[in-house]
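**Student:** The letter at position 10 of the sequence shown is residue 290 when you use my numbering, and the numbering goes up by one with no holes.
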Amino acid sequence: MPSKKFKLSGPAGVLMIGDYGINDNALTSPGDYLSQLNFHSDLNYLRIIGKIHAPSCSFPGMVRNVVTWDDSSHCGC
């Protein structure tokens with residue numbers, strides 16, 4: 281049996297995640313269903329229920345070759 285409900289209203293631009301039995305009215309009136317909501321895009325907060333541990337991160341990179349030379353003999357510097 282599911283434990284969470286995901287509901288999206290494209291025309292209103294609203295997203296909610298809540299308990300499985302939550303009423304669909306929570307989509308338009310989230311304040312009335314705060315105890316059953318895990319996330320609602322109209323609220324000014326995001327409830328954090330755990331920590332994310334990232335012991336190491338790596339990002340793709342590009343190796344740049346740098347070429348230098350002494351051009352002082354040509355410019356009269």
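Glycine included, each C-beta is placed from N, C-alpha and C at the ideal position.
Does N303 come out as helix, strand or coil in the three-state DSSP assignment?
**Tutor:** Coil, per DSSP.
**Student:** So, D299 versus K287, is the Cβ gap smaller than 8 angstroms?
**Tutor:** Result no, Cβ atoms of D299 and K287 do not sit closer than 8 angstroms.
**Student:** Going by the beta-carbon positions, is the gap between P282 and M296 smaller than 8 angstroms?
**Tutor:** For P282 and M296, no; Cβs fall outside 8 angstroms.
**Student:** I need the DSSP call for S283, collapsed to helix, strand or coil.
**Tutor:** If DSSP states are grouped into helix, strand and coil, S283 belongs with coil.
**Student:** Where DSSP assigns a beta bridge to S289, which residues make up the other side?
**Tutor:** Looking at the DSSP assignment, S289 forms a beta bridge with V294.
**Student:** How close, in whole Å, do the beta carbons of S321 and V294 come, if the pair is a contact with beta carbons under 8 angstroms?
**Tutor:** With 8 angstroms as the limit, S321 and V294 qualify as a contact, their Cβ atoms being about 5 angstroms apart.
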